[in-house]
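In this note's numbering, the protein residues as written are 10 to 233.
Ideal placement from N, C-alpha and C gives every residue a C-beta, glycine not left out.
Source: prediction; values computed, not measured.
Structure record follows, encoded as structure tokens.
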Ligand code: ATP
């Protein structure tokens, strides 16, 4: 994917458009507000002032040529849903839409958006999780509930092998890679792979699995 359209240049849309540009992608930015577009002028490939609920205006802007569209209209839920529906009907290959609440997200999924993001809620959860479980360094959504978690190996697990810890059976977690302190990545870990001090593991699982793992680590740390 190389050519993107971002509709709605609020804080979220601006950040997406700017980052895509910095990553070498072509970006078409659309907003009803001239003022919002001005911040991106000269930075992105093209800016178009238009009401995105107007299909003709979207076609005129060249939306048919993009690989993906990010609908970053938040507060105006009606416009966000309408625009997503129009884009879906137009056959845009990949649509990411921003939702402001769970119901909004549900509607966007029903329409057929390929990805729905709830930035405030997701970031809030991440911050809370990183405070309670400081070993979780990062996470990547694979679906609504399943994620890849990057976990700093807790001291209590150092010296044990993956088989001994029995991640899959005990916690429902699949360890897909182990990175050592010097950056060496083992992408085919086996039951014999030992966990060493400074290692980082990458596991696939859902929230319940990771909570179970976290509780077990805390119990071990307390010596129970
Ligand atoms: P953020 O939190 O990212 O700053 P937000 O969730 O508050 O944004 P809004 O400010 O409601 O979202 O919308 C983001 C942008 O979308 C605004 O710049 C607004 O002008 C634009 N926008 C709203 N409706 C339309 C529309 N129909 N067509 C094009 N742009 C629109």
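Ranked by Cα distance from residue 189, the options 203, 178, 220 are led by 203.
Taking each of 79, 62, 40 in turn and checking the Cα distance to residue 87, the smallest one comes out for 62.
In the structure shown, the three-state DSSP call for residue 29 is helix. Here residue 201 carries a coil assignment [DSSP, helix/strand/coil]. Fewer than three beta-carbon pairs drawn from the stretch 118-130 and the stretch 38-55 are found closer than 8 Å, and the two stretches are therefore not classed as touching.
In this structure, DSSP gives residue 159 an extended state, which the three-state scheme calls strand. Taking the C-beta atoms as reference points, residue 191 is found no nearer than 8 Å to residue 167.
For residue 160, the closest alpha carbon among the candidates 173, 169, 154, 145 is that of 145. If the five residues before and after residue 181 are omitted, its C-beta is found closer than 8 Å to the C-beta atoms of 214, 215, 217, 218, 221, all from its own chain and listed in chain order. Between the ligand ATP and residue 70, a heavy atom-to-CB distance of less than 7 Å is absent.
When rounded, the separation of the alpha-carbon atoms in residue 71 and residue 15 is 12 Å. Leaving aside the five residues that flank residue 34 on each side, the residues in its chain whose CB is nearer than 8 Å to its CB run, in chain order, 10, 11, 12, 13. The three-state secondary structure of residue 93, taken from DSSP, is helix. For residue 46, the three-state secondary structure derived from DSSP is helix. Non-local beta-carbon contacts of residue 200 in its own chain, meaning distances under 6 Å to residues more than five positions away in sequence, involve 171, 172 in chain order. Residue pairing from DSSP places residue 148 in a beta bridge opposite 158. Comparing C-alpha distances from residue 124 to each of 151, 135, 134, 66 shows the shortest one belongs to 151. By the 16-neighbour rule on beta-carbons within 10 angstroms, residue 148 is buried. By the neighbour-count definition (other C-beta atoms within 10 Å, threshold 16), residue 208 is a buried residue. Counting only heavy atoms of the ligand ATP, the residues whose C-beta sits closer than 7 Å to one of them are, along the chain, 16, 17, 18, 19, 20, 21, 22, 39, 40, 41, 42, 45, 59, 60, 61, 62, 81, 82, 83, 84, 85, 88, 92, 107, 109.
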